[in-house]
Amino acid sequence: MNLFRTALLLAKKDLYSELKTKQILTTQIIFAGLVIVVFSFAFDPANNTTKAVIPGVIWVIIVFAGILGLNRSFISEQRNDTMQGLLVAPMESSSIYLGKFLANFAMMLVVEIVSIPFLFLLFDFKFNGSLGYFVLVIFLGSFGFIAIGTFLAALAANSKSSEMLLPLLLFPITTPILIGVVQATKIILTNMEKLSSAIAWIQLVTAYDVIFFVVCFLLIDYVLEV
Amino acid sequence: MIEIKKLTKQADNKLILRGVDLSIKKGETVAILGPNGAGKSTLLKVLATLIKPTSGLIKINGLDLKKDHIEIKKLLGYLPHSSLLYDHYSPLENLVFFGNIYGVNNVEQKASKLVKEVGLSFFLNEPVKNFSRGMIQRIAIARAIIHDPEILLLDEPHTGLDQGAISILNNVILSMKEKGATTLMVTHDFKQAAEICDRIIIVKNGRIVDDFKIENRNLGFVSEKYGLQMEGVS
């Protein structure tokens, strides 16, 4: 019980910090907006083939905006060595991981809630697929990406070139998730007849999410030592 | 209260602590002196559970540091060089956050009281980033004692403080001592060590080379003992 209580306190602290400083979320939303505007200029919304680009654009936004947030989540704890303050407090390292994951995930969801409707609007995209499945895919993909990203951000934070190291570590490990969710998103948005294929991708991503979340949860103790 | 047996810590093929044996009774105020790189801060970090020891046994209040680290952390108040405070948070927000993590009851009331005790009640809701080094250290002291720890671990707490902050810190240590708290303080400030501590430990090359009690705030005695151990060390 203590694990969840302290994790929630930590997530609340991070979100409240973000509310005060507006450093991460603003950057993420501006980045997402820029990507959408640039792509809307590059691809003609009147053209039917543009539809095929949308799943890719959604995941480009999530991946790169996500990295902007992940990079800061542990580096922010280096100022005044506040990470030491968390490590000497009576809580497990996994609690710190869980708290950071919840805060990063919440911020990612906010970016998605703002940017995806904006993307559909600018691309004049009429949603004919299943909203439930679409939300599920976005949720599962973001979950896995942020779960692995939070762990690797903790690992990379001790490096001097952490901002370069995080993407280098993150992309190879999250590739199966990204392939799965892009394929599933494409099917759900453009070709609902192949839903069974999308469900297979969703199952793969779910299994990957669960395995990596548990592994990160168990290994974080070795990563956070001063 | 604290039992350390054959403690070693190795990092990158270098032995930082070489078989430290130490026993500290409840209520003692102990200063750890020694040259730079002697292993003083590492010893404190091992006790604060920030660094895992390579070998050896540490028991605090009868609890094993390896197995019962969560229970042990509840007993510890740690004040290192850094403030461990969030810059954009006010003193009250910082203390409430850490107090909540330690499960302190009536945390807002207690945090306000502590900020008042360290003389910063006018700055209760100002962000810490606007504070001077001395003011930050006062709040850092309040943060370290928000949960009424039984053991205080202080790493060079007097460095960079003005006289006002030094006397606040000394008062905190002495009032904690009256409550029965045990204090371990790494310092280079012999005057402060002689003033508030009742036992001195000298560490050199990762070993305890001297361990003695002092009476009547005898600064000369501390300097003499330290000088004897450091002869030939540049």
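Heads up: the protein sequence lines correspond to chains F and G, in order. Numbering-wise (UniProt numbering), the first sequence opens with residue 1 and increments by one. Numbering-wise (UniProt numbering), the second sequence opens with residue 1 and increments by one. Note that the Cβ used here is the ideal one computed from N, Cα and C, for glycine as well. Since we're looking at a predicted model, the values are computed, not measured.
Exposure label - residue i; buried when at least 16 CB within 10 Å
i             : result
M164/F        : exposed
I96/F         : buried
T159/G        : exposed
N128/F        : exposed
V222/G        : buried
E154/F        : The displayed chain sequence assigns Ala, not Glu, to residue 154/F. A154/F is buried by the Cβ-count criterion.
A46/F         : exposed
L95/G         : buried
Y133/F        : buried
L120/G        : buried
R138/G        : buried
S76/F         : buried
T174/F        : buried
Y222/F        : exposed
T82/F         : buried
L168/F        : exposed
K22/F         : exposed
N130/G        : exposed
A140/G        : buried
D124/F        : exposed
D64/G         : exposed
I30/F         : exposed
S83/G         : buried
residue 239/F : Given a span of 1 to 226 for chain F in the structure shown, any question on residue 239/F remains unanswerable.
S142/F        : buried
Contact list for residue i against chain F, beta-carbon separation under 8 Å
i      : result
P80/G  : D81 and Q84
F97/G  : L9 and K13
K110/G : Those within 8 Å of K110/G in chain F number zero; the least Cβ separation is about 16 Å.
S55/G  : Neighbours of S55/G on chain F: none; closest Cβ ~16 Å, over 8 Å.
L76/G  : V88
I214/G : Under the 8 Å cutoff, chain F gives no residues; its nearest Cβ is about 29 Å from I214/G.
Nearest-angstrom beta carbon gap, residue j and residue i [assumed within contact, 8 Å]
i      : j      : result
I51/G  : L22/G  : With a Cβ gap of about 16 Å, I51/G and L22/G do not count as contacting.
A144/G : Y78/G  : 6 Å
K40/G  : V203/G : 5 Å
D155/G : V186/G : 5 Å
I177/F : G144/F : 4 Å
K177/G : L219/G : Between L219/G and K177/G the Cβ distance is about 19 Å, and since that is not below 8 Å, they are no contact.
L140/F : I202/F : 6 Å
L76/G  : A48/G  : 6 Å
Contact list for residue i against chain F, beta-carbon separation under 7 Å
i             : result
N100/G        : L9
S83/G         : N80
I141/G        : Those within 7 Å of I141/G in chain F number zero; the least Cβ separation is about 13 Å.
I2/G          : In chain order: nothing, as chain F lies at least about 16 Å away.
residue 242/G : Because chain G spans 1 through 234 in this model, residue 242/G falls outside it and cannot be assessed.
I58/G         : What I58/G touches in chain F: nothing, since even the nearest Cβ is about 15 Å away.
Per-residue contacts from residue i into chain G (C-beta, under 7 Å)
i      : result
T21/F  : H88
T27/F  : Under the 7 Å cutoff, chain G gives no residues; its nearest Cβ is about 16 Å from T27/F.
L219/F : Residues of chain G passing the Cβ test: none, with the nearest at roughly 15 Å.
V210/F : Those do not exist, as V210/F stays about 26 Å from chain G at its closest Cβ, beyond 7 Å.
T6/F   : I101
Per-residue contacts from residue i into chain F (C-beta, under 9 Å)
i      : result
S132/G : Going along chain F, no residue has its Cβ under 9 Å from S132/G, so there is no contact; the nearest lies around 14 Å.
L65/G  : Per Cβ cutoff of 9 Å: no residues; L65/G is ~13 Å from chain F at best.
I70/G  : N2, P90, M91 and E92
Interface residues of chain G facing residue i [CB-CB closer than 9 Å]
i      : result
E193/F : Per Cβ cutoff of 9 Å: no residues; E193/F is ~52 Å from chain G at best.
T206/F : Residues of chain G passing the Cβ test: none, with the nearest at roughly 32 Å.
T185/F : Result: empty, since nearest Cβ-Cβ is about 37 Å, beyond 9 Å.
Within chain G, the residues that residue i reaches when beta carbons sit closer than 8 Å
i      : result
S17/F  : Y86, H88 and Y89
E225/F : L50, I51 and K52
Given 8 Å, three or more beta-carbon pairs between the stretch 75-93 of chain G and the stretch 115-129 of chain G
yes
* Asked: Which residues, in chain order, does the stretch 38-53 of chain G contribute to contact with chain F at a C-beta distance below 9 Å?
  -> K45, A48, T49, L50, I51 and K52
Against chain G: residues of the stretch 96-107 of chain F by CB proximity under 7 Å:
none
- Item | Interface residues of the stretch 4-23 of chain G facing chain F [CB-CB below 8 Å] | none
Quick check: the stretch 173-190 of chain G against the stretch 134-153 of chain G, are there 3 or more CB pairs under 8 Å? yes
Along the stretch 150-178 of chain F, what residues have a CB closer than 7 Å to any CB found in chain G?
none
Counting Cβ pairs closer than 8 Å, one from the stretch 187-195 of chain F and one from the stretch 118-134 of chain F, do we hit at least three? yes
Measuring CB atoms only, is the stretch 22-42 of chain F touching the stretch 110-125 of chain F, in the sense that at least three cross pairs come out at less than 8 Å?
yes
Does the contact criterion of 3 or more C-beta pairs under 8 Å hold for the stretch 98-117 of chain F versus the stretch 52-64 of chain F? yes
Spell out a yes or no on whether the stretch 164-171 of chain G and the stretch 9-20 of chain G are touching, meaning 3 or more CB-CB pairs, one atom from each, closer than 8 Å.
-> no
Counting Cβ pairs closer than 8 Å, one from the stretch 66-73 of chain F and one from the stretch 51-69 of chain G, do we hit at least three?
no
Worksheet item: When the Cβ atoms of the stretch 95-109 of chain F are set against those of the stretch 6-15 of chain F, are three or more pairs found closer than 8 Å?
Response: yes
Open item on the list: Closer than 8 Å is the cut-off here; do at least three beta carbon pairs connect the stretch 71-85 of chain F with the stretch 46-55 of chain F?
Closed with: no
Stretch pair the stretch 202-214 of chain F + the stretch 17-31 of chain G: three plus CB contacts closer than 8 Å
no
Query - Under 7 Å (Cβ pairs) to chain G, residues found in the stretch 23-52 of chain F - result: none
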